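Student: Just add 2 to the spot in the sequence shown (first one is 1) and you have this note's numbering. The beta carbon of each residue, even a glycine, is placed where N, CA and C say it ideally should be. None of these values were measured; they are calculated from a predicted model.
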Amino acid sequence: MAESKWKTIITVLLLILGMVFIITAAVIAYVSFYGYKVPVVQGASVEDVITSLINALVDIAVKLGFLGLTVWAGSILLKHGISLIKPETHRGEK
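Structure, rendered in structure tokens:
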């Protein structure tokens, strides 16, 4: 009985954490999308312009990477939470 209770608690926790991760990433992406301002690329020389452009692109890539990792972690938590909900069946059983 106690094992079943703990399994239920862990399942619900995994599902909630997974959903929180994915919803948080979606909200951050939404806010970033609508709050994004195109960086002004300016400089005295071509090297300065390229450097400021690369800095802006690296900043965007890092943000996208962290959003991707957050969604990935959330999907793993959801997968394990759902696998705990499904009844265990072995091959050959119906």
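Count the other C-beta atoms from every protein chain shown that fall within 10 angstroms of the C-beta of F35, then say buried if there are 16 or more, exposed otherwise.
Tutor: With fewer than 16 other beta carbons inside 10 angstroms of its own, F35 counts as exposed.
Student: Rounded to the nearest angstrom, what separates E5 and I11 at their Cα positions?
Tutor: 10 Å
Student: Quick one: what does DSSP say G45 is sitting in, helix, strand or coil?
Tutor: coil
Student: By the three-class DSSP mapping on this structure, what secondary structure does V40 have?
Tutor: Secondary structure of V40 (DSSP, three-state): coil.
Student: For Y32 and L19, what's the separation of their Cα atoms in angstroms?
Tutor: 20 Å
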